[in-house]
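Protein chains in written order, with numbering that gives the first Met the number 0: chain W, 0 to 81; chain H, 0 to 721.
Note that the Cβ used here is the ideal one computed from N, Cα and C, for glycine as well.
The structure appears below as structure tokens.
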Amino acid sequence: MADPQVLQRVVKVIGRVLGLDPAEIKPTDHFIFDLGAESSQSVELVMGFEAEFGIEMDQEKALAVQSVEAAADFIAGYLKGK
Amino acid sequence: MSRTGSTPASATAADTGGLEAIFRPKSIAVLGVTNTPGTVPHDIFVNLLDSRFNGVVYPVAPRKRHIAGVRAYDYVLDIPDPVDLAILVFPGNVCEMALKQCVEKGVRGAIIISAGFREVGPEGLARERRVCAIAAEAGMRLIGPNCLGVINTQPDVRLNASFARAMPAPGRIAFLSQSGALCTAVLDYAAGKNIGFSKFVSLGNKADVDEVDLLRYLAEDPETSVILMYLESISRGRALMQAAREITARGAGARPILAIKSGRTAAGAAAARSHTGALASSAEVVDGVFEQSGIIRCRSIEEMFNTAQLLACQPLPKDDRIAIVTNAGGPGVMATDAAVANGLRLAAFSPETTARLKKALPAAANLKNPVDVIGDAREDRYAAAVDAVFADENVDQVLVILTPQSMTDITAIARTICEIHDRYRDSGKALVCSFMGAKDVAPGIEILQRHGIPHYILPEWAADAMAHTVRYRRWMNREVSGFRTFEVDRARAERVIKAAPEGYLLETQALEVLEAYGFPVVPWSLAGTADEAVAAAERIGYPVVLRAVSRAVVHKFEMKAVVLNLPDAGAVRDAFGAMRDRLLGTIRPDDLAGILVRRMIPAGKEVILGINCDPVFGHIIMFGLGGIYVEALKDVTFRVVPIRESAAGKMVRELRTLSLLQGVRGEPPSDIPAIEEALLRLSQLAGDFPRIAELDINPLIVHPAGEGAHVADIRIRLAPPE
Chain W
0 MADPQVLQRV VKVIGRVLGL DPAEIKPTDH FIFDLGAESS QSVELVMGFE
50 AEFGIEMDQE KALAVQSVEA AADFIAGYLK GK
Chain H
0 MSRTGSTPAS ATAADTGGLE AIFRPKSIAV LGVTNTPGTV PHDIFVNLLD
50 SRFNGVVYPV APRKRHIAGV RAYDYVLDIP DPVDLAILVF PGNVCEMALK
100 QCVEKGVRGA IIISAGFREV GPEGLARERR VCAIAAEAGM RLIGPNCLGV
150 INTQPDVRLN ASFARAMPAP GRIAFLSQSG ALCTAVLDYA AGKNIGFSKF
200 VSLGNKADVD EVDLLRYLAE DPETSVILMY LESISRGRAL MQAAREITAR
250 GAGARPILAI KSGRTAAGAA AARSHTGALA SSAEVVDGVF EQSGIIRCRS
300 IEEMFNTAQL LACQPLPKDD RIAIVTNAGG PGVMATDAAV ANGLRLAAFS
350 PETTARLKKA LPAAANLKNP VDVIGDARED RYAAAVDAVF ADENVDQVLV
400 ILTPQSMTDI TAIARTICEI HDRYRDSGKA LVCSFMGAKD VAPGIEILQR
450 HGIPHYILPE WAADAMAHTV RYRRWMNREV SGFRTFEVDR ARAERVIKAA
500 PEGYLLETQA LEVLEAYGFP VVPWSLAGTA DEAVAAAERI GYPVVLRAVS
550 RAVVHKFEMK AVVLNLPDAG AVRDAFGAMR DRLLGTIRPD DLAGILVRRM
600 IPAGKEVILG INCDPVFGHI IMFGLGGIYV EALKDVTFRV VPIRESAAGK
650 MVRELRTLSL LQGVRGEPPS DIPAIEEALL RLSQLAGDFP RIAELDINPL
700 IVHPAGEGAH VADIRIRLAP PE
């Protein structure tokens with residue numbers, strides 16, 4: 000289960016990058032299949048998360064993350080190491 | 000979000016291989032569309048709209064309100080109406096989810112444009128297999144993944160489900176390609192030559208639908224007259240051959256198939272240890288396979304389209320007699336040379352034709368074939384000459400050549416040729432033109448092409464295409480011979496093969512197998528001592544040959560493990576001792592099974608016969624010029640086993656050096672029927688014993704006609720027992 004605070008900030012970034020209302024983004028949503036992210040936006044999302052949380056992520060691993068919840072968990076892992 | 004499935008719109012019992020949903024859908028969902036022009040997910044949707052598709056198109060684009068002015072849906076399941084065809088442009092790793100929803104929706108056909116499958120490695124291959132399984136379980140046919148898409152120009156469909164730049168014009172040619180990039184190049188090439196298409200299919204990874212499925216579908220397509228294929232790999236070898244044989248030779252409903260097969264398995268050939276294996280690169284095997292199946296093999300896109308145009312627009316010629324009409328001597332000679340080199344004949348005109356030509360043409364004109372109407376010819380002279388040769392019953396095809404000279408009225412001549420073409424439309428004769436040049440002749444070429452008269456910049460190309468159509472006609476009219484079966488001692492061969500492990504048989508074992516199958520093997524005996532060797536030679540009759548029998552001796556001549564032409568007992572005894580001493584200096588005594596004593600075979604022509612196991616087609620049989628230069632000369636031909644009687648004869652006739660067997664400079668002709676019989680026996684042997692992985696009879700020594708042939712050397716390698 001993702002950390003609620005991290006999840007909330009992740010949703011905020013996703014809403015901003017994809018131009019969606021955060022209230023309409025569910026933790027189980029897939030970036031592409033449910034939220035309609037395009038390939039160029041995947042990179043923008045990674046950059047948005049890094050800026051939001053002040054972390055630097057492994058690009059390849061970060062781009063492999065496909066859902067909102069998984070992104071929150073992935074970022075939480077970095078935050079623990081800070 | 001709706002999760003209710005729907006009934007497919009156009010499910011019919013008569014559907015051919017389940018592909019109607021792909022080629023003639025009533026409704027299409029495009030999954031993964033974006034609003035970014037210049038990307039595949041956007042352009043493919045716009046192409047569908049631009050092609051004025053005769054049906055409904057639904058964009059599935061999560062969280063987008065519309066795409067190109069069309070209301071978008073988050074999921075395919077949200078679409079309120081039935082969907083026949085799904086086109087997936089989502090990234091590869093999302094296609095699995097998307098396809099599952101398509102199954103739930105009841106979609107019957109899918110095209111996966113997306114990459115990210117087997118072409119990217121093991122993970123992609125696993126993904127492709129999962130996607131394929133999802134479709135298969137639902138009975139959904141699938142084209143791709145990793146493809147350009149599908150086009151159907153049929154006016155009541157007008158489907159451009161591809162990211163090609165433009166929809167081609169309608170035509171009678173169907174094109175299948177395993178290379179998506181080549182598809183776009185071909186479309187552009189064809190547009191430049193006013194060539195239209197009935198169907199255009201990018202096969203991609205062929206996860207489900209492959210060339211065999213499409214051939215069978217297109218064979219029933221009333222819009223298609225000719226099928227072209229560009230293949231990099233062949234999925235189902237035997238099925239392709241069966242389908243092609245049926246489609247290319249079924250009377251009025253036949254469709255010629257032209258194919259380019261690229262790629263060679265040089266590594267596979269290099270790994271082979273037999274001559275046959277080393278020579279059986281995919282290119283040579285495919286030549287034989289296509290010949291056996293009636294597929295016209297082309298070496299270039301140009302050659303393929305040159306021939307396709309002729310097959311699509313003109314009748315099949317009855318025979319190989321062509322007439323050439325030209326206004327320039329040089330090109331007439333070039334065309335003649337090319338025609339003859341391609342196996343065509345220049346028609347000998349009837350006296351009536353010659354009289355007509357003499358009356359219509361100036362004194363300086365050449366009235367014989369090729370007819371030269373002289374450089375200053377206008378449309379009247381062309382009209383008279385072309386009409387005269389068309390009317391001649393000794394002519395099967397007509398080639399008209401024009402070179403642009405100052406007084407040449409190019410468009411008037413083109414129009415005249417069109418009129419004559421129409422007049423003889425029901426004659427069953429083909430007409431092609433070569434207006435040589437580029438700029439000045441362009442308006443004339445345009446007139447010809449719009450009229451359905453194939454045009455070639457070079458007369459050689461015309462001759463090449465005409466020759467292909469003649470060969471195709473002969474294929475259609477050929478008499479299909481049976482499979483000859485010989486009475487053989489199968490049990491004896493089976494005893495040898497069953498008892499043997501994986502690897503090479505000893506020469507004595509291989510000879511037993513050949514003897515059991517009735518091959519011409521001279522008397523032989525295995526000797527363990529010099530006394531035994533002499534006794535065997537006395538029994539067999541001199542002169543004899545000694546050959547070491549050992550798995551450790553691969554190249555007998557190099558290891559001096561063969562001694563020829565021993566005339567008497569003393570020579571046999573001496574040679575036996577010397578050979579044994581020499582070999583035991585390099586191999587262990589246990590590795591020497593003995594020394595074979597065999598009657599010396601009289602000299603003759605050396606040919607090679609072989610069997611190899613091709614990964615796609617299974618057992619193949621090879622024939623060629625034999626002896627030690629076989630791999631250097633590469634004068635060989637292949638067929639897939641089993642071969643018919645007629646194929647054995649054809650294999651022999653395909654040899655470049657056939658004249659050596661027919662007899663040159665006073666030599667007697669060789670016993671070709673003996674070769675053909677050996678090929679048929681070999682075919683039977685290969686069919687009976689799938690464990691034979693490689694077999695070389697090299698050489699088979701062929702004697703003069705009526706005197707037979709003899710096996711001089713044999714190697715057989717077995718696959719592991721099942």
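Proximity of chain W to methionine 621/H at the Cβ level (cut-off 7 angstroms) is not reached, the minimal Cβ distance being about 49 angstroms.
Contact check between the segment 295–311 of chain H and the segment 184–194 of chain H: three or more CB pairs, one atom from each, fall below 8 angstroms, which counts as touching.
Counting only residues of its own chain and dropping the five nearest sequence neighbours on each side, lysine 11/W has a CB closer than 8 angstroms to the CB of Pro21, Glu51. With 16 or more other Cβ atoms from the protein chains shown falling within 10 Å of its own Cβ, aspartate 207/H counts as buried. Look at the segment 200–231 of chain H: it has no residue with a C-beta under 7 angstroms from a C-beta of chain W. Interface with chain H (8 angstroms Cβ-Cβ cutoff): phenylalanine 52/W is excluded.
Put simply, the CB of valine 130/H is far from chain W, with every gap to its CB atoms at 8 angstroms or more.
Taking a contact to require three or more Cβ pairs closer than 8 angstroms, the segment 402–417 of chain H and the segment 440–449 of chain H qualify as touching. Burial of glutamate 676/H is indicated by the presence of at least 16 other C-beta atoms within 10 angstroms of its C-beta. With respect to the 8 angstroms criterion, leucine 84/H and glycine 68/H are not classified as neighbours on the basis of their beta carbons. In chain H, no part has a C-beta under 7 angstroms from the C-beta of glycine 80/W; the shortest such distance is about 27 angstroms. Selection Gly16/H, Gly625/H, Glu644/H evaluated against valine 635/H yields Gly625/H as nearest (Cα-Cα). Taking 8 angstroms as the threshold, the shortest C-beta distance from aspartate 33/W to chain H falls below it. Isoleucine 78/H counts as buried, since at least 16 other C-beta atoms from the protein chains shown sit within 10 angstroms of its C-beta. Interface with chain W (8 angstroms Cβ-Cβ cutoff): arginine 64/H is excluded.
Around the beta-carbon of threonine 33/H, 16 or more other beta-carbon atoms lie within 10 Å, marking it buried.
Listed in chain order, the alpha helix (DSSP H) runs fully inside the segment 525–590 of chain H are 529–539, 568–583, counting runs of at least 4 residues.
Taking the beta carbon of methionine 96/H as reference, the chain W residues within 8 angstroms of it are His29, Phe32, listed in sequence order. Look at the segment 42–67 of chain H: the residues with a C-beta under 7 angstroms from a C-beta of chain W are Ala60, Pro61, Arg62, Lys63. Using a Cβ-Cβ cut-off of 8 angstroms, threonine 183/H does not count as an interface residue toward chain W, since no Cβ of chain W sits closer than that to its own.
Taking each of Pro668/H, His618/H, Ala708/H in turn and checking the Cα distance to alanine 718/H, the smallest one comes out for His618/H.
Chain H has no Cβ within less than 8 angstroms of the Cβ of serine 66/W. When Cβ-Cβ separations below 8 angstroms define contact, glutamate 37/W makes contact with chain H.
Per DSSP, reduced to three states, the secondary structure at phenylalanine 289/H is helical. Secondary structure of valine 45/H (DSSP, three-state): helix. Bounds of the alpha helix (DSSP H) holding valine 629/H are 629–632.
In this structure, the beta-carbon distance from isoleucine 607/H to isoleucine 671/H does not fall below 8 angstroms. Under the three-state reduction of DSSP, leucine 699/H is assigned to strand.
Against chain H, a Cβ distance below 8 angstroms from leucine 19/W picks out Arg62. Around the CB of histidine 554/H, fewer than 16 other CB atoms lie within 10 Å, so the residue is classed as exposed. In terms of Cα proximity to aspartate 386/H, the closest of Met406/H, Pro668/H, Ser426/H, Val88/H is Ser426/H. By the C-beta criterion, the segment 246–262 of chain H is judged to be in contact with the segment 284–303 of chain H, since at least 3 inter-stretch pairs fall below 8 angstroms. Between the segment 159–178 of chain H and the segment 50–68 of chain W there are fewer than three inter-stretch CB-CB distances shorter than 8 angstroms, so the stretches are not counted as touching. In the same chain as glycine 662/H, and ignoring 5 residues on each side of it, the C-beta atoms closer than 6 angstroms to its own belong to Pro668, in chain order. Rounded to whole angstroms, tyrosine 72/H and leucine 78/W show a C-alpha spacing of 37 angstroms. Among the residues of the segment 14–39 of chain H, those with a Cβ less than 7 angstroms away from any Cβ of chain W are Thr33, Thr35, in the order of the chain.
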